[in-house]
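Undergrad: Structure provided below as structure tokens; questions to follow.
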Amino acid sequence: MPRGLPACGGSGAFATMCASTKRVHAFVRLRPSAEFPQNTIKFGPDNQTISIYIERDRSKGVVNNKQTDWSFKLDGILHNATQELVYDTVARDLVSEALGGYNGTIICYGQTGAGKTFTMTGMTEDYEHRGIIPRAIQQVFRTMEEHGGQFITVRVSYLEIHNEIIVDLLSSAPHAPDPPLSIVEGPRGVSVKGLTVHSCPSEEVALNFLFEGDTNRSVGQHELNSNSSRSHCIFTIYIECHSRMTSDATYVTSKINLVDLAGSERLAKTKSEGQGLKETTYISKSLSFLEQVVIALSERHREHIPFRQSKLTYTLKDSLGGNCYTVLVANVCSEAVHIVETLSTLRFAARMKWVTTVPVVNEKQDTERLVKNLEKEVFYLKEELAVHNTLLNRPPITYEPLNEIQVAEINSHVRRFLEGSIDELEIMSLRQIQEIFYQFKFILSQQEQEVEARLRSKYTLIDKNDFATLSAVQKAGLVDADGHMVGEVDGQGFGIGVAPFSSKPGGKRAKIKKGKEQP
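Numbered by this note's numbering, the letters in the sequence shown go through residues 30 to 548 in order.
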């Protein structure tokens, strides 16, 4: 029996395992064949090791140092496995984690005709042969029925990347988007701008969206596959969980990316021409960029990761080394004629095991519920304070904002306190203290305005910072060089002042005479 993720029965054990290792899990699934090469492909006793042996080519001479055997250790081998076993091994625990607030991604990778679409979608005409996507939808909605204490909402989206163009498969005009879809990156991660996301109140509605998107996919035929996917497809399930039992404003969100990659092809075998040749070129280029990203992520202390080289790698940025649990299913053909492609796929799976991710719970705040909780808390605190005041025989206190009558009454008390009519102010609440200080400030401002108005009615006031006016007044002789008004107050009123010494008649002569009298 293939060994995969441990049977942890839900989120706890899987979360502990993945939180400690934080690595991508890789499984290999072999397409059943009547011509299985027993001498070329062998499995280890742990059902995790797969060995490939290629017989040495004798025609190239006796001295031939070309490698002939390889061994790969993955997380599990799925050989002659049913669709149900594949789902239980690969996806069940990941979907359970998604219901707890963790993002998850399952990627099917391999050569064309190896069974990627069968693994991911399955056969619509056979219920037992349904793939990972329909089973994941079923698990999500069954969990909703079993957990009545949670209010779970489900939405889905479906896109394909065909010839480096993102297409919304659930749009009314999927192949003619206006404006074209683009990839944007924000605080919550990478998303596709303009992609339609549809609400799914039931499992039937979600499956209908899946089947609708499948009918809009780009497919073609060649020598190896009569119904070959010509694009990379990503079906995403968005989950939002609110608690019905508590009034907590915190809720969790997550998304499950189910990725069906287009198969790698060799033109010598597929013999593609025209449009098929163009599609093969784009597919091979994007898969090459994907492998470059995986190699860069597996290297330690790598500063730059080339995510933006292609639409595929940029869309999967969060799934490759980001906030996500990621599982890879490497689909291979078991015939000896495809052994070179099988070897290439196993190399990619081995590299993926070196990629690490940092999954965290996606928590958000429900602002509407948070406001209601705060209002309820304020109400309870007011009630509790009222009870305390009653027990201490205090007069009742209102915690509502002061009305106009109360403000006018406080203003009257403050004025009487300033005039000396009363010796103290009675304080009952914090709002009253704040209003008393405000009234003090208001009365002081009024008095300043009244004093200034009185002075302006009798005298002409000059601003000391108005240099132009000061200069004119100095020339007129009303202000001395230091800016002081000419004249002094004699105690009885406002005098016009004493003229400067230099303006006195005989002032200079008197000064000289006085100087002669003194030794």
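Glycine included, each C-beta is placed from N, C-alpha and C at the ideal position.
How is Ser260 classed by DSSP in three states: helix, strand or coil?
TA: Taking the first residue of the sequence shown as position 1, residue 260 is located at position 231. Coil at Ser260, not helix or strand.
Undergrad: Spatial neighbours of Val558 within its chain, please: CB distance less than 8 Å, with the 5 preceding and 5 following residues excluded, ordered by chain position.
TA: Outside the modelled stretch of the chain, which goes from 30 to 548, sits residue 558, for which no answer is possible.
Undergrad: I'd like to confirm the pairing. Which residues does DSSP put opposite Ser201 in its beta bridges?
TA: Reading the sequence shown from its first residue, position 172 is the one you call residue 201. Answer is none; Ser201 lacks a bridge partner.
Undergrad: Give every residue of the same chain whose Cβ lies closer than 8 Å to the Cβ of Val361, excluding the five residues on either side of it in the sequence, and list them in chain order.
TA: As a working mapping, residue 361 is identified with position 332 in the sequence shown. Around Val361: Val57, Arg58, Leu59, Arg60, Gly139, Gln140, Ala143, His367, Glu370, Thr371, Thr374, Leu375.
Undergrad: Could you give the C-beta distance for Thr268 and Val183, rounded to a whole number, given that I count them as a contact under 8 Å?
TA: Looking up residue 268 in the sequence shown gives position 239. Looking up residue 183 in the sequence shown gives position 154. Note on residue identity: the sequence assigns Ile, not Thr, to residue 268. Ile268 to Val183, Cβ: 6 Å. Contact.
Undergrad: Would you call Phe377 buried or exposed, if buried means 16 or more other Cβ atoms sit within 10 Å of its Cβ?
TA: Sequence index remark: in the sequence shown, residue 377 carries index 348 (1-based). Burial call: buried.
Undergrad: Could you give the DSSP three-state label for Lys487: helix, strand or coil?
TA: Counting from 1 along the sequence shown, the entry for residue 487 is found at position 458. It is helical.
Undergrad: In three-state DSSP terms, what is Gly242?
TA: Within the sequence shown, the letter at position 213 stands for residue 242. If DSSP states are grouped into helix, strand and coil, Gly242 belongs with the helices.
Undergrad: Just to confirm my understanding: we take Ser211, look at its own chain, exclude 5 residues before and 5 after, and list those with CB closer than 6 Å. What are they?
TA: The count along the sequence shown starts at 1 and reaches residue 211 at position 182. Hits under 6 Å: Lys222.
Undergrad: Looking at C-beta atoms only, is the number of pairs between the segment 104-123 and the segment 330-350 that lie closer than 8 Å three or more?
TA: Verdict: no, contact absent.
Undergrad: Taking the straight line between their C-alpha atoms, what separation do you get for Thr355 and Ile136?
TA: Within the sequence shown, residue 355 is the residue found at index 326, counting from 1. Within the sequence shown, residue 136 is the residue found at index 107, counting from 1. Cα-Cα distance, rounded: 8 Å.
Undergrad: Please report the distance separating the alpha-carbon of Val323 from that of Tyr409.
TA: Locating residue 323 in the sequence shown gives position 294, counting from the first residue. Locating residue 409 in the sequence shown gives position 380, counting from the first residue. Answer to the nearest angstrom: the Cα atoms are 56 Å apart.
Undergrad: Can you check DSSP and say which residues form a bridge with Leu236?
TA: To locate residue 236, count along the sequence shown from 1; it is residue 207. Answer by DSSP bridge pairing: none, since Leu236 is not bridged.
Undergrad: Do the segment 225-234 and the segment 340-347 touch if we need at least three Cβ pairs shorter than 8 Å?
TA: No, they do not touch.
Undergrad: Touch check for the segment 314-322 and the segment 157-177: three-plus C-beta pairs under 8 Å?
TA: With the cut-off at 8 Å, the segment 314-322 and the segment 157-177 do not touch.
Undergrad: Below 8 Å on the Cβ atoms is my guess for Cys270 versus Ile181; work out the distance and round it to an integer in Å.
TA: Locating residue 270 in the sequence shown gives position 241, where the first residue counts as 1. Locating residue 181 in the sequence shown gives position 152, where the first residue counts as 1. At roughly 5 Å, the Cβ-Cβ gap stays under 8 Å, so Cys270 and Ile181 are in contact.
Undergrad: Report the CB separation of Gln77 from Leu103 in whole angstroms; it is logged as a contact under 8 Å.
TA: To locate residue 77, count along the sequence shown from 1; it is residue 48. To locate residue 103, count along the sequence shown from 1; it is residue 74. Right, the Cβ-Cβ distance comes to about 6 Å (below 8 Å), so this counts as a contact.
Undergrad: Is the CB-CB distance between Thr69 and Ala365 below 8 Å?
TA: Translated into positions along the sequence shown, residue 69 becomes position 40. Translated into positions along the sequence shown, residue 365 becomes position 336. Taking 8 Å as the Cβ cut-off, Thr69 and Ala365 qualify as a contacting pair.
Undergrad: Cutting at 6 Å between CB atoms, please list the residues of its own chain near Gly520, excluding the five before and the five after it.
TA: Taking the first residue of the sequence shown as 1, we reach residue 520 at position 491. Unreliable placement is indicated for Gly520, whose pLDDT of 43 sits below 50; no coordinate value is reported for it.
Undergrad: Going by DSSP, which residues form a beta bridge with Asp289?
TA: Here residue 289 corresponds to residue number 260 of the sequence shown, with the count starting at 1. Looking at the DSSP assignment, Asp289 forms a beta bridge with Cys137, Cys262.
Undergrad: According to DSSP, Thr279 sits in a beta bridge with which residue or residues?
TA: Taking the first residue of the sequence shown as position 1, residue 279 is located at position 250. BP columns for Thr279 point to Gln394.
Undergrad: Can you look up Arg380 in the DSSP assignment and give me helix, strand or coil?
TA: Here residue 380 is taken as the residue at index 351 of the sequence shown, counted from 1. Helix at Arg380.
Undergrad: When the Cα atoms are used, what is the spatial distance from Lys533 to Asn494?
TA: Along the sequence shown, one-based indexing puts residue 533 at 504. Along the sequence shown, one-based indexing puts residue 494 at 465. Note that Lys533 scores a pLDDT of 49, beneath 50, so its modelled location is shaky; the value from the coordinates is reported in the next line. Looking at the two C-alpha atoms, the distance is approximately 31 Å.
Undergrad: Which residue marks the beginning of the alpha helix (DSSP H) containing Lys314, and which one marks its end?
TA: Along the sequence shown, one-based indexing puts residue 314 at 285. Run containing Lys314: 304-327, per the alpha helix (DSSP H) assignment.
Undergrad: May I have the straight-line CA-CA distance separating Gly242 from Val358, to the nearest angstrom?
TA: Residue 242 sits at position 213 when you count from the first residue of the sequence shown. Residue 358 sits at position 329 when you count from the first residue of the sequence shown. Spanning the two alpha carbons is a distance of roughly 22 Å.
Undergrad: Taking just the CA atoms, how far does Met381 sit from Ala55?
TA: Start at 1 with the first residue of the sequence shown, and residue 55 comes out as number 26. Start at 1 with the first residue of the sequence shown, and residue 381 comes out as number 352. Straight-line Cα distance between these residues: approximately 7 Å.
Undergrad: Whose C-alpha, out of Ile161, Phe238, Phe101, Phe471, is nearest the C-alpha of Ser186?
TA: By one-based count along the sequence shown, residue 186 stands at place 157. Comparing Cα positions, the closest option is Phe238.
Undergrad: If you run the structure through DSSP and keep just helix, strand and coil, what is Tyr131?
TA: Numbered from its first residue, the sequence shown carries residue 131 at position 102. Note: Tyr131 maps to coil in three-state DSSP.
Undergrad: Do you know offhand how far Asn418's Cα is from Pro230's?
TA: The residue given as residue 418 occupies position 389 in the sequence shown. The residue given as residue 230 occupies position 201 in the sequence shown. C-alpha separation (whole angstroms): 51 Å.
Undergrad: Within 10 angstroms of the Cβ of Gln96, are there 16 or more other Cβ atoms? Answer buried if so, exposed if not.
TA: As a working note, residue 96 is residue 67 in the sequence shown. Under this definition Gln96 is an exposed residue.
Undergrad: Would you decide whether Ala127 is buried or exposed? Buried here means 16 or more other CB atoms lie within 10 Å of its CB.
TA: If you number the sequence shown from 1, residue 127 lands on position 98. Buried: at least 16 other Cβ atoms inside 10 Å.
Undergrad: By the DSSP assignment, the beta strand (DSSP E) with Glu214 in it spans what residues?
TA: The residue given as residue 214 occupies position 185 in the sequence shown. Run containing Glu214: 211-215, per the beta strand (DSSP E) assignment.
Undergrad: Given a cut-off of 8 Å on the beta-carbon distance, is the pair Ile162 and Val119 in contact?
TA: As a working note, residue 162 is residue 133 in the sequence shown. As a working note, residue 119 is residue 90 in the sequence shown. In this structure, Val119 does not lie closer than 8 Å to Ile162 by Cβ.
Undergrad: Cα-Cα, which of Arg164, Ser258, Arg246 is closest to Ser200?
TA: Translated into positions along the sequence shown, residue 200 becomes position 171. It is Arg246 whose Cα lies nearest to the Cα of Ser200.
Undergrad: Ends of the beta strand (DSSP E) at Tyr156?
TA: Numbered from 1 along the sequence shown, position 127 holds the residue referred to as residue 156. Segment: none, Tyr156 is in no beta strand (DSSP E) and carries neither H nor E.
Undergrad: Would you identify the three-state DSSP class for Ala359, choosing helix, strand or coil?
TA: On the sequence shown, position 330 is the one that residue 359 refers to. In this structure, Ala359 counts as strand in the three-state DSSP scheme.
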